[in-house]
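This report concerns only the one structure given below.
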Amino acid sequence: MMAPALSASGGTDTILTVDHLTMRFGGLVAINDLSFKVGRGEITALIGPNGAGKTTVFNCITGFYKPTEGMITLTHTDGSRYLLERLPGHSVSWKARVARTFQNIRLFSGMTILENLLVAQHNSLMIASGFTIGGLIGLPSFRNAEAQAIEKAKYWLNKVGLTERADDPAGDLPYGAQRRLEIARAMCTEPVLLCLDEPAAGLNPRESLELNELLLSIRSTDQTSLLLIEHDMSVVMQISDHVVVLDYGTKIADGLPEAVRNDPKVIAAYLGVEDDDVEKVEAQVGL
Numbered sequence: 012m013m014a015p016a017l018s019a020s021g022g023t024d025t026i027l028t029v030d031h032l033t034m035r036f037g038g039l040v041a042i043n044d045l046s047f048k049v050g051r052g053e054i055t056a057l058i059g060p061n062g063a064g065k066t067t068v069f070n071c072i073t074g075f076y077k078p079t080e081g082m083i084t085l086t087h088t089d090g091s092r093y094l095l096e097r098l099p100g101h102s103v104s105w106k107a108r109v110a111r112t113f114q115n116i117r118l119f120s121g122m123t124i125l126e127n128l129l130v131a132q133h134n135s136l137m138i139a140s141g142f143t144i145g146g147l148i149g150l151p152s153f154r155n156a157e158a159q160a161i162e163k164a165k166y167w168l169n170k171v172g173l174t175e176r177a178d179d180p181a182g183d184l185p186y187g188a189q190r191r192l193e194i195a196r197a198m199c200t201e202p203v204l205l206c207l208d209e210p211a212a213g214l215n216p217r218e219s220l221e222l223n224e225l226l227l228s229i230r231s232t233d234q235t236s237l238l239l240i241e242h243d244m245s246v247v248m249q250i251s252d253h254v255v256v257l258d259y260g261t262k263i264a265d266g267l268p269e270a271v272r273n274d275p276k277v278i279a280a281y282l283g284v285e286d287d288d289v290e291k292v293e294a295q296v297g298l
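For any residue, its number in this note's numbering is found by taking its place in the sequence shown, counting from 1, and adding 11.
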């Protein structure tokens with residue numbers, strides 16, 4: 012198996028390049044001249060204290076915000092490039108093939124688990140129907156697309172361990188299973204880059220372990236690069252290839268997980284102390 016690209020150390024196989032990104036809301040600078048890369052086949056974690064600007068970065072990458080300044084470039088394996096800041100929001104998902112999940116789970120709770128996975132594939136089904144009543148009258152192209160959508164949904168049901176509950180309402184699932192279903196739904200769009208906003212939030216240790224295994228499998232088996240925001244540092248350290256740290260909208264560290272964890276600026280940001288006091292606080296808490 013091909014080793015992950017190491018963009019943190021200057022690798023050339025980069026899927027996402029964020030270049031001098033700035034986001035202002037009136038006089039508030041939420042993101043200040045941020046640059047980083049996500050390597051193809053990597054799991055990159057974007058971390059930082061509350062209010063650091065992490066979700067704002069996600070919103071810029073996924074088309075919810077248009078940045079004030081900067082470029083966000085996504086590169087496919089065939090060399091095609093997409094300037095995400097210039098694309099309409101729906102094209103970021105459909106054409107550039109970037110998917111995301113949110114801090115708060117956004118499933119269709121009244122629909123079945125299987126239906127949630129089929130809804131994610133509405134673009135391909137609409138195209139197959141010719142954007143007409145082709146689906147209602149059962150055109151061969153639509154029937155073929157529908158069969159493929161069901162097979163893809165079955166694949167992800169099996170992958171997240173929900174095959175036996177395919178016909179249950181999504182709202183009946185426990186929280187951890189809902190989180191896995193949300194990730195499966197995003198993966199049904201066949202993204203090249205999956206953005207996950209705090210996927211481990213609210214999970215117990217067993218559910219966190221299941222999440223880690225799922226994300227590592229998506230990275231290795233399903234050939235999808237991942238960018239995640241996460242406060243659970245055990246998850247970050249166990250599965251990330253590359254970590255970027257923000258504080259007040261500014262990048263303060265960028266590199267391999269172990270190096271970032273021991274960076275005085277990162278420790279200071281998380282402990283809420285000045286850089287000069289880091290060694291004293293470390294000694295007090297036994298770090």
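Glycine is no exception: its CB is placed at the ideal position from the N, C-alpha and C atoms.
Only a predicted model underlies this, so the values are computations on that prediction, with no experimental measurement involved.
- request: Select from 246, 183, 105, 271 the residue whose C-alpha is nearest the C-alpha of residue 207.
  value: Against the sequence shown, residue 207 aligns to sequence position 196. Residue 246 is the option with its Cα nearest to residue 207.
- request: Evaluate the contact criterion for the segment 116-136 versus the segment 175-185: three or more CB pairs, one atom per stretch, below 8 angstroms.
  value: The segment 116-136 vs the segment 175-185: in contact.
field: beta strand (DSSP E) runs wholly inside the segment 209-252, at least 3 long, in chain order
entry: Correct list: 236-240.
Under 9 angstroms between C-beta atoms of residue 9 and residue 132: Residue coverage of the chain in this structure runs from 12 to 298, which leaves residue 9 outside it and unanswerable.
message: In the DSSP output, what is residue 42 paired with across the bridge?
response: Within the sequence shown, residue 42 is the residue found at index 31, counting from 1. DSSP lists 34 as partners of residue 42.
message: Quick check on DSSP: helix, strand or coil for residue 296?
response: Taking the first residue of the sequence shown as 1, we reach residue 296 at position 285. In this prediction, residue 296 has a pLDDT of 37, which is less than 50 and means its spatial position is unreliable; nothing more can be read from the coordinates.
message: For the alpha helix (DSSP H) containing residue 67, name the first residue and the last one.
response: Residue numbering aside, residue 67 sits at position 56 when the sequence shown is read from its first letter. Taken as a continuous stretch (DSSP letters only), the alpha helix (DSSP H) holding residue 67 covers 65-72.
- request: Kindly confirm or deny that the segment 75-82 and the segment 267-279 touch, where touching means at least three C-beta pairs closer than 8 angstroms.
  value: Touching, no.
- prompt: What did DSSP end up calling residue 17 once you bin it into helix, strand or coil?
  reply: Reading the sequence shown from its first residue, position 6 is the one you call residue 17. Per-residue confidence for residue 17 stands at a pLDDT of 43, beneath the threshold of 50, marking its modelled position as unreliable; the derived number appears in the next sentence. Correct three-state label for residue 17: coil.
query: Just how far apart, CA to CA, sit residue 15 and residue 252?
result: For the purposes of this step, residue 15 is taken as the residue at position 4 of the sequence shown. For the purposes of this step, residue 252 is taken as the residue at position 241 of the sequence shown. Since pLDDT at residue 15 reaches only 40, below the 50 mark, its modelled position is unreliable, and the value read off the structure follows with that caveat. Distance between the alpha carbons of residue 15 and residue 252: 8 angstroms.
- prompt: With residue 236 and residue 52 assumed to form a contact (beta carbons below 8 angstroms), what rounded beta-carbon distance in angstroms separates them?
  reply: Position 225 of the sequence shown, counted from the first residue, corresponds to residue 236. Position 41 of the sequence shown, counted from the first residue, corresponds to residue 52. Right, the Cβ-Cβ distance comes to about 6 angstroms (below 8 angstroms), so this counts as a contact.
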